[in-house]
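> Quick one: this structure, given as structure tokens, is what I'll be asking you about.
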Amino acid sequence: MSKRPSRRAVEELLRRGLEARAASISPSPDPVDLARRIERAEASSGRGRLLATAAAVVVAAAVGGGVGAALVPSPPAQHLSAAAKTGSQAGPLPRGPQASRRHRSPRAAGPSASAGPVVALARETSSGARLVATPAQLAPVAITSGSSPSGCFAAELVSTSASSGGAVAGATGVVDLQPLAADGLELVDSGTAPAEKGVDLWWATVAVGRKVARVAAEQPNGSIDAMKPVGGIAVLGGLVPAQSADGFFSLVAETPSGRPIHSIGFLAGSGPKAWGAVSASKSTASGCLTPGSGAGLLSTLASQPASPLLAGSSVLASFHQAYTAGLPAGLAENVATVVAGSGLLRAAGAIAKRPTTGAGSPGPAALADQVEVARVAFLSSARAEVIYRAASGGWRTGMAVLGGSGIWKVSRTSFCGSLTGGLPPSGSELSPLARACSKS
18 MSKRPSRRAV EELLRRGLEA RAASISPSPD PVDLARRIER AEASSGRGRL LATAAAVVVA
78 AAVGGGVGAA LVPSPPAQHL SAAAKTGSQA GPLPRGPQAS RRHRSPRAAG PSASAGPVVA
138 LARETSSGAR LVATPAQLAP VAITSGSSPS GCFAAELVST SASSGGAVAG ATGVVDLQPL
198 AADGLELVDS GTAPAEKGVD LWWATVAVGR KVARVAAEQP NGSIDAMKPV GGIAVLGGLV
258 PAQSADGFFS LVAETPSGRP IHSIGFLAGS GPKAWGAVSA SKSTASGCLT PGSGAGLLST
318 LASQPASPLL AGSSVLASFH QAYTAGLPAG LAENVATVVA GSGLLRAAGA IAKRPTTGAG
378 SPGPAALADQ VEVARVAFLS SARAEVIYRA ASGGWRTGMA VLGGSGIWKV SRTSFCGSLT
438 GGLPPSGSEL SPLARACSKS
């Protein structure tokens, strides 16, 4: 007959069990969960589906870590990775491994992409969405932030168009300005657009390091889209129920064996985010233009962007998108990167209601030649002076402002001032916006 344990022995076992359980509980706060709940509250408060909350960025900056790390909502990586097999700014920059170099066809430096072969990345998702990403090499650009010396950097512009049925949407992003580690992952741009009753079209353009073999994206309703990167770029998207389009999407980078490397959570239409961003120890290009600028206004006392190169990518993308004619979604796409641009679109009237070029996309030469940015000088964490020109005209000074969604936008004063002053040339497809500016 077995001997029953004494009361003292039972109490000792209970004490040990409770101590072991308590030891597994972390008393530290969970900034990822907090950021997720704040962003969801903002998204449901009526401020619009493309608003990412500034509070999430503040939380992320407070805890530090990799760029965008505090915005990751920790999706079920194993579930996402397994399901994808069936498918066809925040914190200081960490110093990481040597930045990867993408294996692309060589192109001549400068604004024109006509000197080398450029191949658009085009695919159709399982839900029937058509995605096209068109790259173009940019002229070297100088980036200055605070007391940091100005660096001369090379970058590449990527114009993405998404279509399904009669719905057309798109955006412009910049890659290569912010170096990525070999296993790095960057959300370049994203967005949504109404496709049909109760259904929205969405897309995300992604840049990766050379060790990333596959990128998968999970919609808020659990559907998966995935592809193997081509030249370090992937474009993902599909159709999602309209009621869940405001929810969290997530990206997962995978190794060749299918194991997840890292994930980035995002709201469609928010600013660029990166994991595995590498501090640039020196300039990556030469030949920056040096027109006169007000860079002397830079103050070492003013706050600066946590990641100047990632912020610079957003500034470059917004100026190109604002001033490039013939974008896939027409004038609506132009004003999407202008402060209070929706008001200009309404003032432009019926001409702005339909896309000007259908589901197409401007060619690489148009992307790179219509606008050229020579310098981005950050005056603070929310304002930057931009030296730019269009159609090989004279150099102008414009202002970029950090928007609530994390996207840097062209100030309305700069945009309207340049349009009414003859930029781009008269007769351009942007002339309805120029007329709207003159009335406002």
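Per the numbering used here, the very first residue in the sequence shown carries number 18; after that it's consecutive. For each residue, glycine too, the CB sits at the ideal point set by N, CA and C. Computed from a prediction, not measured in an experiment: that's the story for all the values here.
1. Using the three-state DSSP reduction, which class does alanine 353 fall into: helix, strand or coil?
2. When the Cβ atoms of the region 320-339 are set against those of the region 384-400, are three or more pairs found closer than 8 Å?
3. Would you kindly check if the distance between the Cβ of valine 225 and the Cβ of proline 246 is under 7 Å?
4. Glycine 208 to leucine 30, Cα distance in whole Å?
5. Does the pairing of the region 425-437 with the region 183-192 give three or more beta-carbon distances under 8 Å?
6. For proline 243 and valine 232, I'd like the C-alpha separation in whole angstroms.
7. Starting from the Cα of glycine 304, find the closest Cα among Ala391, Thr341, Gly187, Gly201 and give me that residue.
8. Can you give, in chain order, each stretch of the beta strand (DSSP E) that sits fully within the region 374-419 and has at least 3 residues?
9. Using DSSP's beta-bridge definition, name the partner residues of histidine 337.
10. Which of helix, strand or coil does DSSP assign to glutamine 260?
11. If contacts are defined as beta-carbon pairs under 8 Å, then alanine 221 and leucine 268 qualify, I think. What distance do you get, rounded to the angstrom?
12. Buried or exposed for glutamine 387, please, with buried defined as at least 16 other CB atoms from any protein chain shown within 10 angstroms of its CB.
13. Can you tell me which of the three DSSP states serine 445 falls into?
14. What's the C-alpha gap between alanine 184 and proline 258?
15. Give me the Cα-Cα distance between glycine 145 and leucine 138, rounded to the nearest whole angstrom.
16. Quick one: complete beta strand (DSSP E) runs, 3+ long, within the region 139-179?
17. Starting from the C-beta of tryptophan 219, find all residues in its chain whose C-beta is less than 6 Å away, skip the five residues before and the five after it, and write them out in chain order.
18. Can you give the Cα-Cα distance for alanine 453 and serine 274, rounded to whole angstroms?
19. Do alanine 417 and valine 332 have their beta-carbon atoms positioned less than 7 Å apart in this structure?
20. Starting from the Cα of alanine 407, find the closest Cα among Ala357, Ala251, Ala385 and give me that residue.
21. Please report the Cβ distance between serine 431 and glycine 415, rounded to the nearest whole angstrom; I am assuming they are in contact, meaning their Cβ atoms lie under 8 Å.
22. Around the C-beta of proline 157, are 16 or more other C-beta atoms found within 10 angstroms, so that it is buried, or is it exposed?
23. Let me check one thing: in DSSP terms, what residues is proline 277 bridge-paired to?
24. Can you list, in chain order, the residues of its chain with a C-beta nearer than 8 Å to that of threonine 437? Leave out the 5 residues immediately preceding and following it.
25. Quick one: residues in its chain with C-beta nearer than 6 Å to the C-beta of aspartate 5, no 5 flanking neighbours on either side, listed in chain order?
26. Reducing DSSP to helix, strand and coil, say where valine 524 ends up.
27. Going straight from the alpha carbon of lysine 214 to that of serine 180, what length do you get?
28. What is the rounded straight-line gap between the Cα of alanine 394 and the Cα of glycine 360?
29. Helix, strand or coil: how does DSSP classify glycine 187 here?
30. Nearest by alpha-carbon distance to serine 287: which of Gly293, Ala262, Ser300 is it?
31. Please return the same chain residues whose Cβ sits closer than 8 Å to the Cβ of phenylalanine 266, not counting the five positions on each side in sequence.
32. Does the beta-carbon of glutamate 28 have 16 or more other beta-carbons within 10 angstroms, so that it is buried, or is it exposed?
33. Could you spell out the range, first to last residue, of the beta strand (DSSP E) harbouring alanine 221?
34. By a C-beta neighbour count over all protein chains shown, 10 Å radius and 16 as the cutoff for buried, is proline 196 buried or exposed?
35. According to the Cβ coordinates, are glycine 347 and aspartate 200 closer than 7 Å?
36. For proline 449, which option in Ala342, Gly410, Tyr405 has the closest C-alpha, if you only look at C-alpha atoms?
Once the coordinates are examined:
1. Coil at alanine 353, not helix or strand.
2. In short, these stretches touch, since the Cβ pair count reaches three.
3. Going by C-beta atoms, proline 246 is nearer than 7 Å to valine 225.
4. Each residue's CA atom was taken as its position, placing glycine 208 and leucine 30 some 55 Å apart.
5. When C-beta atoms of the region 425-437 are compared with those of the region 183-192, fewer than three pairs fall below 8 Å, so the two segments do not count as touching.
6. The identity of residue 243 in the sequence shown is alanine, whereas the question assumes proline. In a straight line, the C-alpha of alanine 243 is about 6 Å away from that of valine 232.
7. If we check each option's Cα against that of glycine 304, Ala391 comes out closest.
8. Inside the region 374-419, DSSP marks whole beta strand (DSSP E) runs of 3 or more residues at positions 388-395, 400-407, 413-419, from first to last along the chain.
9. Beta-bridge pairing by DSSP links histidine 337 to no other residue.
10. For glutamine 260, the secondary structure class from DSSP, reduced to helix, strand or coil, is helix.
11. 7 Å between Cβ atoms; contact.
12. By the neighbour-count criterion, in which a residue is buried when 16 or more other Cβ atoms sit within 10 angstroms of its Cβ, glutamine 387 is buried.
13. Of the three classes helix, strand and coil, the one that applies to serine 445 here is coil, per DSSP.
14. Rounded to the nearest angstrom, the gap between the Cα atoms of alanine 184 and proline 258 is 15 Å.
15. The alpha-carbon of glycine 145 is positioned some 16 Å away from that of leucine 138.
16. Qualifying beta strand (DSSP E) stretches, in chain order: 147-154, 158-162, 168-170.
17. Excluding positions up to five away in sequence, the list reads Thr209, Gly254, Val257, Ala285.
18. If you take the alpha carbons of alanine 453 and serine 274, they lie about 54 Å apart.
19. In contact: valine 332 and alanine 417 (Cβ atoms closer than 7 Å).
20. Comparing Cα positions, the closest option is Ala385.
21. Confirmed, Cβ separation roughly 4 Å.
22. It counts as buried.
23. For proline 277, the beta-bridge partners assigned by DSSP are Glu271.
24. Result list for threonine 437: Ala451, Cys454, Ser455, in chain order.
25. Here the chain covers residues 18 to 457 and nothing more, so residue 5 does not appear.
26. This structure cannot settle anything about residue 524, because the visible part of the chain is limited to 18 through 457.
27. About 15 Å.
28. Rounded to the nearest angstrom, the two C-alpha atoms are 28 Å apart.
29. Here glycine 187 sits in strand by DSSP.
30. Nearest Cα to serine 287 within the set Gly293, Ala262, Ser300: Ala262.
31. Ser207, Trp219, Ala221, Ala234, Glu235, Gln236, Pro237, Gly282, Phe283, Leu284, Ala285.
32. Glutamate 28 is exposed by the Cβ-count criterion.
33. Going by DSSP, alanine 221 is part of the beta strand (DSSP E) stretching over 216-225.
34. Proline 196 is buried by the Cβ-count criterion.
35. Going by C-beta atoms, glycine 347 is not nearer than 7 Å to aspartate 200.
36. Distances from the alpha-carbon of proline 449 to those of Ala342, Gly410, Tyr405 put Ala342 closest.
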